[in-house]
Amino acid sequence: MGHLALPHKDCIKTMDSPASGPQKSGMSDRPAPNFGLPATNSWRATPGARDLVAAVGIVGLAALAAHLLRGIIPAPSLSLLFLVAVLVVSVSYGFWTGIASSLLAFLAYNFFFVEPLHTLRVAKLEDILALVVLLAAGATTGFLAGRMREEADGAKARAGMLEQLATFTAELAEERSEEAITGVIIRHVAGVDDGSAVHLSAEGESLVIRRAIPPDPVLGWPEWQAAERAFRRGSEEARTAPGWSGSAYTFVALDQGGGVIGYRPGTVPRRVEGMAEPLRRTMLQQGQVALERARFARNVEAAEAKAEREALRAALLSSLSHDLKTPLATILGGVSSLRELDAALGPAARSDLLLAVEEEAGRLSRYVANLLHMTRLKAGLDLRLDWIDAGDVAHGAVVRARHSFAGRDITFRVPAPCPLIHADPVLLEQALFNLIDNALKFSPPATAPAVSVEVEPARLRITVADAGQGIPEGELLHVFEPFFRGAHAGASGTGLGLSIARGIVQALGGSIVAESPASGGRGTAMHILLPLAARPAA
Amino acid sequence: MSGRPSILIVDDEPQIQRFLRHSLEATGYEVLLANSGAAALRAVASTPPDLVILDLGLPDLDGKAVLGQLRQASDVPVIVLSARDEEAEKIAALDLGANDFVAKPFGIGELLARIRACLRLRRTGGTGSEALHLGEISIDLAAHRVERGGAPVRLTPKEFDLLVLLVSHAGRVLTHRQILTKIWGPAHVEDVAYLRVFIGQLRQKVESNPAEPRLIVTEPGVGYRAKAEG
Chain S
1 MGHLALPHKD CIKTMDSPAS GPQKSGMSDR PAPNFGLPAT NSWRATPGAR
51 DLVAAVGIVG LAALAAHLLR GIIPAPSLSL LFLVAVLVVS VSYGFWTGIA
101 SSLLAFLAYN FFFVEPLHTL RVAKLEDILA LVVLLAAGAT TGFLAGRMRE
151 EADGAKARAG MLEQLATFTA ELAEERSEEA ITGVIIRHVA GVDDGSAVHL
201 SAEGESLVIR RAIPPDPVLG WPEWQAAERA FRRGSEEART APGWSGSAYT
251 FVALDQGGGV IGYRPGTVPR RVEGMAEPLR RTMLQQGQVA LERARFARNV
301 EAAEAKAERE ALRAALLSSL SHDLKTPLAT ILGGVSSLRE LDAALGPAAR
351 SDLLLAVEEE AGRLSRYVAN LLHMTRLKAG LDLRLDWIDA GDVAHGAVVR
401 ARHSFAGRDI TFRVPAPCPL IHADPVLLEQ ALFNLIDNAL KFSPPATAPA
451 VSVEVEPARL RITVADAGQG IPEGELLHVF EPFFRGAHAG ASGTGLGLSI
501 ARGIVQALGG SIVAESPASG GRGTAMHILL PLAARPAA
Chain X
1001 MSGRPSILIV DDEPQIQRFL RHSLEATGYE VLLANSGAAA LRAVASTPPD
1051 LVILDLGLPD LDGKAVLGQL RQASDVPVIV LSARDEEAEK IAALDLGAND
1101 FVAKPFGIGE LLARIRACLR LRRTGGTGSE ALHLGEISID LAAHRVERGG
1151 APVRLTPKEF DLLVLLVSHA GRVLTHRQIL TKIWGPAHVE DVAYLRVFIG
1201 QLRQKVESNP AEPRLIVTEP GVGYRAKAEG
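Just so you know, the protein sequences line up as chains S and X, in that order.
Residues 1 to 538 (my numbering) are what the first sequence spells out, left to right.
Residues 1001 to 1230 (my numbering) are what the second sequence spells out, left to right.
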């Protein structure tokens, strides 16, 4: 019985905790919650000293009671008191303590109450029977009670495990990036039993620690070697049994060069002992699946972006060839006519040719400017935000448009005073100019597009309305896409202006909306909506 | 100085030089050419021109560096040529002492108007006279009185100072920083919002249609300019 006297706690440590040695600091900052079960014995567990003392106490009480009742009730019936004591001990302290208490009760009853008294000899057959019953009852009850308790504990532990697994899966499902997913895996694998976990991945030729629970783990040479092996082979390196030299961590390689995850169990409550490892396994498997999902999503995104870039490039090339060649043809043709046919051309024809050259050069210039804006938008705009008078900026765009399209009228309406907004004046003017440019191109020459600025609660609305034939409903959603041209766009649209306008307005924190037919039942209205922020006191 | 004002064109693009030389000579200016920053500085030192047209994108020296060195030796008016959407470049050049800018590509009319404004200011030496005019606005400097088409216009002292500053530099752009420093002092160079409010108020009083200002025009992202016509 010598080993039975060991303190209860020590038993657990020596039996299943390879981590018991150097892992003191990790206990303070435990990560994911574990299921917090008290560390109680399983029914077969060896009894502790306290259990035995309690058993002796209870049997002693029974003996005292029997002594006091001697003479009141017949001697054989006194054995029932001992039976009660044995039952109580078995239920409370498990199988072995129950057996021990029944032995004790057997001896005490024999010694104090069975003729001849104060000896361990038994004279009567019925006393032997009573003693045997006592022993059998203790053993049977202890066994049954222990089993029940074990099952209850096991069920509780399994429920805890399942709960932890459910939390883990839910957290995994919320994360999109591989980095975040790895973080969740690490946290939960370590959290199973307050152990440690690390994620290592390659940087150049060597592995480095990306993330660890608890932070700043101390990995020795054997651990690094094991991690390296797992990583190179894409396999698993199991930890060595406690007491042997070797890695204290198990390392599992992640797919697709995602690195390796290492873990080391913490102090496991005895009754979940067998479950912690399968739980970690399940978590790692689910983690791998989640990582694969994230990688897959990333690849799909990349493929989509690539396809979009390809489409954009194709559209850009066709736009370049068309929109650069047309004005250049006019300019070259016009100028060569003027040089070579000078004498034959009348003054009216000469002046008309010159006007054509000037107009086409202006168009070319605007087109190149738009291409530059497009590039700037793609590269990320360098905003020069300032407090600006939106009416003033809108007027600038109107003036520029009147200048570029001589002979076209544009009406302009603005409240006085116009509130200041926080925006980039040059970009906003460009966005608005593009809308006006678009309105002028797609409305009859005799009509005048209307530009207006209106103050609404918390925002400013700048509207460019035209009296053109409007945009078909199917095209309304696409007009702001780069290089999109409507079915009746004709030759003059480059498909760049509106998408640049949208890019700019979005960069300024606003939004842009196309409305067709506009209020009034015809034409198109484009609205730029910009937030009105509170201005700091000057 | 001969009768014809001389203009030094500093540009490395032969086609731009060609176009400018023909147009400016046809307009009646004497034209000098330099195709690098170093050549420009030598030319200014040997035969000082009446005006310099400086392209900010030069091969050897940064246009702003040329401007800085030029300003150490001379106060000749300088008009810089810059790309359309390089506001930061424009402002930097103006703050370094350039008198005005023209954004490429430009029509010859725009450049000629800038040249005239700069040369006129140089001749009159800024605010020497007792009265200033801008369109139908006339300003009596001594009496602090402003009239529009003969009718008196009531301005606050700051509005008056602002109007005088702009009109006395008519045709030339003034940066926000220059205006704020002159009118409100160096401590207020960042208060652009304040300036915009004042410009708005001033336009309400002096423009015939404040929504479409013709006298005080905005140079987006740079500053303001009083129109020189008339």
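Idealized CB from N, CA, C, for every residue including glycine.
Quick caveat: nothing in here was measured; it's all calculated off a predicted structure.
- For the region 1105 to 1172 of chain X, the continuous beta strand (DSSP E) assignments of 3+ residues that do not extend past its boundaries occur at 1131 to 1134, 1137 to 1140, 1145 to 1148 and 1151 to 1153, in sequence order.
- Interface criterion not met: the Cβ of T1156 (chain X) is under 8 Å from no Cβ in chain S.
- Per DSSP, the unbroken alpha helix (DSSP H) holding R350 (chain S) starts and ends at P347 to A379.
- Nearest to V393 (chain S) by C-alpha distance, out of X:P1220, X:A1228, X:K1064 and X:K1227, is X:P1220.
- Exposed is the label assigned to E115 (chain S), since fewer than 16 other Cβ atoms lie within 10 Å of its Cβ.
- Sequence-ordered contacts of the region 402 to 423 of chain S with chain X read F412, R413, V414, A416, P417, C418 and L420 [C-beta pairs closer than 8 Å].
- The beta carbon of A1193 (chain X) sits closer than 8 Å to some beta carbon of chain S.
- Annotation: E1159 (chain X) has no Cβ neighbours in chain S at a cutoff of 8 Å; minimum Cβ distance is about 14 Å.
- In the three-state scheme derived from DSSP, where H, G and I count as helix and E and B as strand, A170 (chain S) is classed as helix.
- According to the DSSP assignment, D392 (chain S) belongs to the alpha helix (DSSP H) that extends over A390 to S404.
- About 7 Å separates the beta carbon of V1044 (chain X) from that of V1052 (chain X), a gap short enough to meet the 8 Å contact definition.
- A direct Cα-to-Cα measurement between L1058 (chain X) and G1037 (chain X) gives close to 7 Å.
- Residue range G1037 to S1046 is occupied by the alpha helix (DSSP H) that includes S1046 (chain X).
- With contacts defined as CB atoms closer than 8 Å, T267 (chain S) and D153 (chain S) fail to qualify as a contacting pair.
- Interface criterion met: the Cβ of E1212 (chain X) is under 8 Å from a Cβ in chain S.
- If you ignore the 5 residues before and after L1195 (chain X), its C-beta comes within less than 7 Å of the C-beta of H1176, I1179 and L1180, all in its own chain and listed in chain order.
- Looking at the DSSP output, W96 (chain S) shares a beta bridge with no other residue.
- Taking a Cβ-Cβ cut-off of 7 Å, the neighbours of V426 (chain S) in chain X comprise D1085, E1087, P1220 and G1221, given in sequence order.
- Rounded to the nearest angstrom, the Cβ distance from L1163 (chain X) to L1155 (chain X) is 7 Å, consistent with a contact under 8 Å.
- Closest in alpha carbon position to G246 (chain S), among S:A85, S:P222 and S:V513, is S:P222.
- Counting of Cβ neighbours within 10 angstroms places L129 (chain S) among the exposed residues, the total staying below 16.
- Its chain contains P1005 and S1006 as the residues whose beta carbon lies nearer than 6 Å to that of D1050 (chain X), once the 5 sequence neighbours on both sides are disregarded; these appear in chain order.
- Taking the Cα positions, A248 (chain S) is about 10 Å away from A226 (chain S).
- Looking at S:L428, S:A290, S:L254 and S:V398, the one whose alpha-carbon comes closest to that of A173 (chain S) is S:A290.
- Counting only Cβ-Cβ distances below 9 Å, R1177 (chain X) has no contacts in chain S at all, with the closest Cβ about 12 Å away.
- In summary, I72 (chain S) is exposed, with fewer than 16 beta-carbon neighbours lying within 10 Å of its beta-carbon over all protein chains present.
- When CB distances to chain S are screened at a threshold of 8 Å, not a single residue of the region 1047 to 1065 of chain X falls below it.
- The DSSP assignment places complete alpha helix (DSSP H) segments of no fewer than 4 residues inside the region 481 to 527 of chain S at 497 to 507, in order along the chain.
- Shown here for G1068 (chain X): same chain residues with a beta carbon closer than 7 Å to its own, the five before and five after excluded, namely L1096 in chain order.
- The CB of S365 (chain S) comes closer than 8 Å to the CB of P1105 in chain X, given here in chain order.
- Within the region 314 to 341 of chain S, no residue has its Cβ closer than 7 Å to any Cβ of chain X.
- Neighbours of R1148 (chain X) across chain S, judged by C-beta separation under 8 Å, do not exist; the nearest C-beta is about 17 Å away.
- The beta carbon of D194 (chain S) sits no closer than 8 Å to any beta carbon of chain X.
- Looking from the CA of R233 (chain S), the closest CA among S:S101, S:F251, S:G57 and S:L383 belongs to S:F251.
- Under DSSP, P74 (chain S) takes part in no beta bridge, so it has no partner.
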